[in-house]
Amino acid sequence: MKITDLKIFPVSQFIYVKVITDEGIYGIGEASLSGRSLAVVGALEHHIKPLLIGQDATRIEHIWQDIFRGTFWRGGPVLQSALAGVDIALWDLAGKALGVPTYRLLGGATRDKVLVYRHTGGSTPEQLIETAQQQLEEGWKVLRISPIDTIEGGFNQKLAVMRGIEHFSALREAIGDEVEIIFEVHTRLTPTRAIELCNGIEEYHPFFVEDPIRSENPASFATLREHTNVPIGTGEQLPTKWMFRELIEQELIDYIRVDICHTGGITEGKKIATMAEVHYQELACHYTASPVSSAAMLHLNMSIPNCAVQEYAPSSGWMDEVIQHDLRTEDGYLLPTDAPGLGIDLNEEAAAAYPPTPGEPPHLRREDGSVQDW
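Read the sequence shown against my numbering and you will find it ends at 1056, with the numbers running on by one and no gaps.
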């Protein structure tokens, strides 16, 4: 089964790919990289597509290695997102070719369903509580909050910490101890301020604190670990298993926030999960807010023993026009299907109706006008 074409679909801020074979079977993947997606298009069109034409589509690991290691320049978020799109499409294609769900090819089901978490928010503790209670009534079991996103007029780390503690404590008191709550910091604090925040919410038992600091420097996580007791999760910024290695091996984090659309796809995600299993760490996958990434993560998480939770939001609007899927939730869990491959398809005509948009994220500033990490 030879690859005959790679079609690339920039849609809004998302990048979808279609790997087509000489047997008429094709697979759909996602290569989105928020804010830099058009750079991924260039990598796919000019560098990766020529490597794929004529290759045996069943040799998924071989193709992964050839794209990653076959050239001098490797890794990085742009190239790994491009590789992820191809890899996810190949796993989708493999399942379709054999008439089985992709997770069956990854070792079979290790669970019946996958726990997911929902984003909740509000500019005041009262609004946060109201939104959270609505979601709990809908059956969701895990919530994620990011009250530091409500800071306006220049980012102030002290104010962010104070507001974070205020919102988290109020929410915990309102909804009780049984509901899991994730606190998303979005890498916006220094280690000193992150320690202050983590210690300030420790008594309210967060599920984990997500991205308290930037992910690049394991030594900073060692400092954080030394001075805090709350569970920590990070990883959505890390594009390869090598960048996860020290965080995993030195047990500096508890939850692995891999995003398989930025980290080489299902193939690399499975390997990172195995690395984490050795250290009793679990995956809490980050996603790009698309049905394709949600489906790909679902199949990965169905196949691994160490899945804690998966980020998720129901799709709507144009996404459901462009991507056909059968993603279903029940009582706070994402359910697998028996559909071949990932259970998704792409409507090319609908995709053409939603051209790419720049998607540049906000460039935050501190009160003195200096650059603040986004």
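No residue lacks a Cβ here, since even glycine has one placed at the ideal position from N, Cα and C.
With contact counted as at least three CB pairs below 8 Å, one residue from each stretch, are the segment 1003-1011 and the segment 1027-1043 in contact?
-> Segments in contact, yes.
My guess is that residue 757 and residue 900 are in contact by the Cβ rule of under 8 Å, so how many angstroms apart are they, rounded?
-> In fact, because the Cβ distance is near 17 Å, the residues do not count as touching under 8 Å.
Complete alpha helix (DSSP H) runs within the segment 801-847 (minimum length 4 residues, chain order) | You should have 807-819.
Rounded to whole angstroms, what's the CA-CA distance from residue 789 to residue 986? Just pull it up for me.
-> Roughly 8 Å separates the two Cα atoms.
Out of 799, 814 and 800, state which residue places its alpha-carbon closest to the alpha-carbon of residue 806.
-> Answer by Cα proximity: 814.
Can you grab the Cα-Cα spacing for the pair residue 1035 / residue 855, in whole Å?
-> Near 46 Å, if we compare the C-alpha coordinates of residue 855 and residue 1035.
How close, in whole Å, do the beta carbons of residue 683 and residue 705 come, if the pair is a contact with beta carbons under 8 Å?
-> Your pair residue 683 and residue 705 checks out as a contact, with CB atoms roughly 5 Å apart and the cut at 8 Å.
Simplified DSSP assignment, three categories, for residue 966 = Reduced to three states, the DSSP call for residue 966 is strand.
State the Cα-Cα distance for the pair residue 953 and residue 891, rounded to the nearest angstrom.
-> Linking residue 953 to residue 891 through their CA atoms gives a straight-line distance of about 24 Å.
Separation of residue 762 from residue 950, as counted between CA atoms = Each residue's CA atom was taken as its position, placing residue 950 and residue 762 some 10 Å apart.
Could you check which residue in 947, 924 and 914 has the C-alpha nearest to that of residue 934?
-> The shortest C-alpha separation from residue 934 is found at 914.
What first and last residue would you give for the alpha helix (DSSP H) that runs through residue 953?
-> Start and end: 947-960.
Compare the beta carbon distance of residue 830 and residue 853 with 8 Å and say whether it is the shorter of the two.
-> Taking 8 Å as the Cβ cut-off, residue 830 and residue 853 do not qualify as a contacting pair.
What does a CB cutoff of less than 8 Å around residue 872 pick up in its chain, not counting 5 residues either side in sequence?
-> Around residue 872: 839 and 895.
What residue does the alpha helix (DSSP H) around residue 686 start on, and which one ends it?
-> Secondary structure note for residue 686: it is in no alpha helix (DSSP H), and the uninterrupted beta strand (DSSP E) holding it is 685-693.
Could you check the C-alpha separation between residue 885 and residue 940 for me, to the nearest Å?
-> Approximately 27 Å, taken between the alpha carbons.
According to DSSP, residues forming a beta bridge with residue 890 = DSSP, once it has assigned bridges, lists 864 as partnering residue 890.
Look up residue 914 in the DSSP assignment and give the residues it is bridged to.
-> Answer is 891.
Where residue 754 sits in the DSSP three-state scheme = Looking at residue 754 - three-state DSSP - the assignment turns out to be coil, as it is neither helix nor strand.
Could you check the C-alpha separation between residue 765 and residue 810 for me, to the nearest Å?
-> Rounded to whole angstroms, residue 765 and residue 810 show a C-alpha spacing of 38 Å.
Touch check for the segment 1009-1018 and the segment 789-804: three-plus C-beta pairs under 8 Å?
-> Touching, per the Cβ criterion.
Please report how far the alpha carbon of residue 994 lies from the alpha carbon of residue 795, in whole angstroms.
-> Between the alpha carbons of residue 994 and residue 795 lies a gap of roughly 13 Å.
What's the C-alpha gap between residue 817 and residue 851?
-> Distance between the alpha carbons of residue 817 and residue 851: 18 Å.
Below 7 Å CB to CB, which residues in the same chain sit around residue 778 once its five sequence neighbours on both sides are set aside?
-> Excluding residues within five positions, the ones whose Cβ falls inside 7 Å are 707, 709, 1022 and 1023.
Taking only runs that begin and end inside the segment 980-1035, name each unbroken alpha helix (DSSP H) of 4 or more residues, in chain order.
-> The segment 980-1035 contains these whole alpha helix (DSSP H) runs: 1000-1004 and 1030-1034.
Give the secondary structure of residue 1041 by DSSP, where H, G and I count as helix, E and B as strand, and everything else as coil.
-> Coil.
Evaluate residue 942 with the Cβ neighbour count: other Cβ atoms within 10 Å of its Cβ, from every protein chain shown; 16 or more gives buried, anything less gives exposed.
-> Label assigned to residue 942: buried.
Can the beta-carbon of residue 804 be found closer than 8 Å to that of residue 812?
-> Taking the C-beta atoms as reference points, residue 812 is found nearer than 8 Å to residue 804.
Nearest residue (CA-CA) to residue 982, options 857, 878 and 965 | Looking at the Cα atoms, 965 is the closest of the given residues.
Going by Cα to Cα distance, which pick from 760, 972 and 690 is closest to residue 731?
-> Closest in alpha carbon position to residue 731, among 760, 972 and 690, is 690.
Closest by CA to residue 848, which one among 882, 971 and 720?
-> Per the Cα distances, 882.
Does the distance from the CB of residue 768 to the CB of residue 749 come in under 8 Å?
-> Between residue 768 and residue 749, the C-beta gap is smaller than 8 Å, which places the two residues in contact.
Report the three-state DSSP secondary structure of residue 703 (helix, strand or coil).
-> Strand.
Round the Cβ separation of residue 843 and residue 787 to the nearest angstrom and send it over; I've been treating them as touching at under 8 Å.
-> In this structure, residue 843 and residue 787 do not form a Cβ contact; the two beta carbons are roughly 46 Å apart against a cut-off of 8 Å.
Looking at C-alpha atoms only, which residue of 808, 837, 800 and 833 is the closest neighbour of residue 824?
-> When each option's Cα is compared against that of residue 824, the closest is 800.
Going by CA-CA distance only, name the one from 772, 718 and 715 that's closest to residue 686.
-> When each option's Cα is compared against that of residue 686, the closest is 772.
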